[in-house]
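Undergrad:
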Amino acid sequence: MYDLNRKSILEELDNSVPCKGYTEIIPVSLRSHPEKASIIGKWKNKERVLIFSSRGINFRTRHLMQDLRTLMPHSKAGRVRILTTSKKKQDLYMWLSNTPQGPSAKFLVQNVHTLAELKMTGNCLRGSRPLLSFDPTFDKEPHYALLKELFIQIFSTPQYHPKSQPFVDHVFTFTITDERIWFRNYQIIEEDASLVEIGPRFVLNLIKIFQGSFGGPTLYENPHYQSPNMHRRLIRLSVAAKFREKQQVKEVQKIKKKGSKALIEEDPTEVVFETPAEEKPVEIQLVKPESKPIVKDKKKPRKIQRKKQKKLFRTEASA
1 MYDLNRKSIL EELDNSVPCK GYTEIIPVSL RSHPEKASII GKWKNKERVL IFSSRGINFR
61 TRHLMQDLRT LMPHSKAGRV RILTTSKKKQ DLYMWLSNTP QGPSAKFLVQ NVHTLAELKM
121 TGNCLRGSRP LLSFDPTFDK EPHYALLKEL FIQIFSTPQY HPKSQPFVDH VFTFTITDER
181 IWFRNYQIIE EDASLVEIGP RFVLNLIKIF QGSFGGPTLY ENPHYQSPNM HRRLIRLSVA
241 AKFREKQQVK EVQKIKKKGS KALIEEDPTE VVFETPAEEK PVEIQLVKPE SKPIVKDKKK
301 PRKIQRKKQK KLFRTEASA
């Protein structure tokens with residue numbers, strides 16, 4: 001059965017608005033069976049998801065929020081909320097909260113890639129209801145089971161929602177790898193049920209789970225979490241340690257080069273064969289030494305005479 005909340009499938013398609021990465025597609029099964037479009041259901045679950053952010057976010061975070069609003073037609077004002085915050089304009093944090101009772105979870109968002117960046121070949125109908133696929137680890141540990149219920153309340157589109165389409169043509173996957181939750185969005189191909197990625201994609205690193213909404217007693221704290229400041233500090237320390245190691249290696253090499261020269265001990269018998277040089281007597285001159293006669297250069301007057309003749313020739317030639 002196909003779930004519809006309007007009178008005709010054609011009205012649904014006419015009122016839908018295409019967006020980047022999402023193409024208007026009518027499944028072949030509905031084209032061949034137009035009578036299924038007459039089924040009308042009642043919208044019971046009227047909870048919606050509010051997606052908002054704090055100040056200081058960058059352009060990539062804004063694009064990610066827009067992609068999430070596009071993926072979830074039930075996103076607006078409601079009890080379940082997604083809050084994105086940014087610190088130092090480089091660290092992105094995401095809050096998932098069920099208001100007003102709670103619980104809520106805080107994540108560090110890493111490896112963010114929006115629809116505009118990926119430009120994948122997959123596409124799906126805007127407003128279609130997604131399938132949610134969870135890793136088996138979500139059922140093994142209690143804090144992951146709590147996060148699974150929170151993800152279901154946020155990302156699953158309510159049945160018969162006015163802004164939703166009656167098709168299931170894409171799937172949201174939540175995979176746990178390296179103590180992190182990896183989010184992916186895939187299109188479901190009707191012919192062979194293969195998957196083609198649409199986007200966006202991001203990784204959620206769990207920090208804490210709180211009992212209340214955006215606060216309260218801590219239910220779980222991730223022991224494997226490392227803050228971005230600590231991560232950057234460890235990188236700087238490792239670079240500094242490598243630099244110090246190189247300097248120590250250079251100093252050791254210099255010491256080895258100096259120590260490689262073998263120092264020969266003095267031989268006491270060498271002095272036996274040395275003969276002292278004869279000391280010359282010191283002569284003191286009491287009489288002023290005779291001055292040497294000055295010898296005049298005979299060629300000098302000839303040179304002067306030649307220079308004068310050259311100057312005369314020059315003056316006559318210029319006149």
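If you read the sequence shown in the UniProt record's numbering, its first letter stands for residue 1, the second for the next number, and so on.
For every residue, glycine included, the Cβ atom is placed at its ideal position computed from N, Cα and C.
Just curious, the beta strand (DSSP E) that residue 160 is in, first and last residue?
TA: Counting along the chain, residue 160 falls outside any beta strand (DSSP E), and DSSP gives it neither H nor E.
Undergrad: What residues match up with residue 104 in a beta bridge as DSSP calls it?
TA: 97 and 210, per the DSSP bridge assignment.
Undergrad: In the DSSP output, which residue or residues are listed as bridge partners for residue 87?
TA: According to DSSP, residue 87 bridges with 91.
Undergrad: So residue 209 packs on residue 105, CB below 8 Å; how close in whole Å?
TA: With a Cβ gap of about 5 Å, residue 209 and residue 105 count as contacting.
Undergrad: Using the C-alpha atoms, what's the distance from residue 285 back to residue 315?
TA: Roughly 59 Å separates the two Cα atoms.
Undergrad: If you draw a straight line from the C-alpha of residue 172 to the C-alpha of residue 127, how long is it?
TA: The alpha-carbon atoms of residue 172 and residue 127 are separated by roughly 14 Å.
Undergrad: Under 8 Å, do residue 72 and residue 157 count as touching if we go by C-beta distance?
TA: Taking 8 Å as the Cβ cut-off, residue 72 and residue 157 qualify as a contacting pair.
Undergrad: Go ahead and label residue 215 buried or exposed: buried means 16 or more other beta carbons lie within 10 angstroms of its beta carbon, across all protein chains shown.
TA: Exposed, by the Cβ-count rule.
Undergrad: Which of the three DSSP states is assigned to residue 320 in this structure?
TA: Nothing in the structure corresponds to residue 320, since the chain is present only between 1 and 319.
Undergrad: Output yes or no for whether 8 Å exceeds the beta carbon distance between residue 205 and residue 244.
TA: No. Outside cutoff.
Undergrad: Measure from the C-beta of residue 245 to each C-beta in chain B and report whether the shortest distance is under 8 Å.
TA: Absence of chain B from the displayed structure is noted, only one protein chain being present.
Undergrad: Use the C-beta contact count for residue 169: other C-beta atoms within 10 angstroms, 16 or more gives buried, fewer gives exposed.
TA: Flag for residue 169 reads buried.
Undergrad: Between 133, 163 and 198, which lies nearest to residue 149 when the distance is taken from Cα to Cα?
TA: Ranking the options by Cα distance to residue 149, first place goes to 133.
Undergrad: Quick one: residues in its chain with C-beta nearer than 7 Å to the C-beta of residue 57, no 5 flanking neighbours on either side, listed in chain order?
TA: Correct list, in chain order: 84 and 86.
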